[in-house]
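Peer 1: Going letter by letter, the sequence shown gives residues -12 to 242 in my numbering. Would you mind keeping the following structure in view while I ask a few things?
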Amino acid sequence: MPLELVTIPCLQDNYAYLLHARGTNRAALVDAPEVGPILKELLKREWLLSDIFLTHHHDDHIQAVAELREVTGAKVCGAEADRHRLPRLDWSLEQGDLVEVARESGRVIDVPGHTRGHIALHFPGSNLAFTGDSLMSGGCGRLFEGTPAEMFASLQKLAALPPETVICSGHEYTASNLRFAATIEPENPALQARIAACTAARAEGKATVPVLLSEELATNPYLRCHLPQVKAAVGLPDASELEVFTEIRARKDRF
């Protein structure tokens, strides 16, 4: 039975995610931005927190770990590469490792770019991928530590997942990401439809994440660097996909 997903708004524009094993009172958490909203959701649903998975070391993804661990006794896991700057880990993760939530296995994917030690988690049985600040709704994370080549390779790994995968990213950045995407592909009908849907959702105070990977593939410029119209739009018709990605990311930094 697929895992139940609960999206929790935290801080100003962060998201945490609960993964619940149906038929049990146990749940796992992906990222820990803020104690209050997470504990409120657990108490409301009468769930026990068993595990906390961390995608990367930035404070807005880990600052609630210590208190949640103390209150719930949950085990904490994150990237071995970032062990030195994450909260104390009960176990560490590397590319290809498997994690368990209930009886479903998730696979660890190394996705450096935003940070050097960033990881994602893919649960194929439930069609869920937790991408933190790597692949984001309509965009990708800023390159604080990694290179364009690293982020491009990371996004290619995630783009290769099944298109029905639900992408659970770390922030409510969809509106600004799509406004930028429209400067690259203003005539893309899928993008225009997504902008309209996003505008309506935000007007009602609704989250715009998670989102299907198929929708990202149709509208996210960082996943469309191979297309002739995208290459032409940035004035690089004969360039490599990496060169096009690098130009698009640089334009977003100035946007």
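Don't be surprised by glycine CBs; every beta carbon is placed ideally from N, CA and C. Keep in mind the model is a prediction, meaning the values are calculated, not measured.
By the DSSP assignment, the beta strand (DSSP E) with Val98 in it spans what residues?
Peer 2: Per DSSP, Val98 belongs to no beta strand (DSSP E) and is neither H nor E.
Peer 1: Give the single residue among Phe232, Gly23, Ala8 and Ala19 whose Cα lies nearest to the Cα of Trp34.
Peer 2: Residue Ala8 is the option with its Cα nearest to Trp34.
Peer 1: Is Phe117 closer than 8 Å to Val17 when the C-beta atoms are compared?
Peer 2: Cβ distance < 8 Å, so Val17 and Phe117 count as in contact.
Peer 1: Near Ser141, what residues of its chain come up, given a Cβ to Cβ distance below 7 Å and the 5 sequence neighbours on each side ignored?
Peer 2: So the list reads Val98, Pro99, Gly100 and Ser121, once near-sequence residues are dropped.
Peer 1: Just to check my reading of the structure: Thr(-6) and Ala194 have Cβ atoms closer than 8 Å, yes? What is that Cβ distance to the nearest angstrom?
Peer 2: Between Ala194 and Thr(-6) the Cβ distance is about 6 Å, and since that is below 8 Å, they are a contact.
Peer 1: Is it the case that the Cβ atoms of Met138 and Cys127 are separated by a distance below 8 Å?
Peer 2: In contact: Met138 and Cys127 (Cβ atoms closer than 8 Å).
Peer 1: Is it right to say His71 is buried, meaning 16 or more other beta carbons lie within 10 angstroms of its own, or is it exposed?
Peer 2: That one is exposed.
Peer 1: Taking 8 Å as the cut-off, does the region 142 to 153 touch the region 197 to 206 (at least 3 CB pairs, one atom from each stretch)?
Peer 2: Enough Cβ pairs lie closer than 8 Å, so yes.
Peer 1: So, using beta-carbon positions, are Val63 and Gln82 closer together than 8 Å?
Peer 2: No. Outside cutoff.
Peer 1: Considering only residues of the region 77 to 151, which uninterrupted alpha helix (DSSP H) runs meet the minimum length of 4 residues and lie entirely inside it, listed in chain order?
Peer 2: The region 77 to 151 contains these whole alpha helix (DSSP H) runs: 135 to 146.
Peer 1: Could you tell me whether the region 19 to 31 touches the region 42 to 57, where touching means 3 or more Cβ pairs closer than 8 Å?
Peer 2: Yes: the two stretches touch, three or more of their Cβ pairs being nearer than 8 Å.
Peer 1: Just to confirm before moving on: does the CB-CB distance between Gly125 and Asn164 stay below 8 Å?
Peer 2: Taking 8 Å as the Cβ cut-off, Gly125 and Asn164 qualify as a contacting pair.
Peer 1: Can you give the Cα-Cα distance for Met123 and Asp225, rounded to whole angstroms?
Peer 2: If you take the alpha carbons of Met123 and Asp225, they lie about 27 Å apart.
Peer 1: Extract the residue ranges of the alpha helix (DSSP H) inside the region -5 to 82, only unbroken runs of 4 or more that lie entirely within it.
Peer 2: Fully enclosed alpha helix (DSSP H) runs of 4 or longer: 22 to 32, 46 to 49 and 52 to 59.
Peer 1: When DSSP labels each residue in this structure, what does Ser156 get in the three-state scheme?
Peer 2: DSSP places Ser156 in strand when its eight states are reduced to three.
Peer 1: Quick check on Val198: does DSSP put it in helix, strand or coil?
Peer 2: In the structure shown, Val198 sits in a strand (DSSP, three-state: E or B).
Peer 1: With DSSP as the reference, label Val221 as helix, strand or coil.
Peer 2: The answer is coil: DSSP assigns Val221 none of H, G, I, E or B.
Peer 1: When the Cα atoms are used, what is the spatial distance from Thr59 to Ile171?
Peer 2: Straight-line Cα distance between these residues: approximately 46 Å.
Peer 1: So what does DSSP say about Leu(-8), is it helix, strand or coil?
Peer 2: The answer is strand: DSSP assigns Leu(-8) an E or B state.
Peer 1: Determine the closest residue to Asp46 out of Leu73, Ala61, Asn114 and Ile39, with distance taken between C-alpha atoms.
Peer 2: Of the candidates Leu73, Ala61, Asn114 and Ile39, the one whose C-alpha sits nearest the C-alpha of Asp46 is Leu73.
Peer 1: I need the straight-line Cα distance from His44 to Thr134, nearest angstrom please.
Peer 2: Cα-Cα distance, rounded: 17 Å.
Peer 1: Can you tell me which of Asp38, Ala19 and Ala14 puts its alpha carbon nearest to the alpha carbon of Leu30?
Peer 2: Nearest option by C-alpha distance: Ala14.
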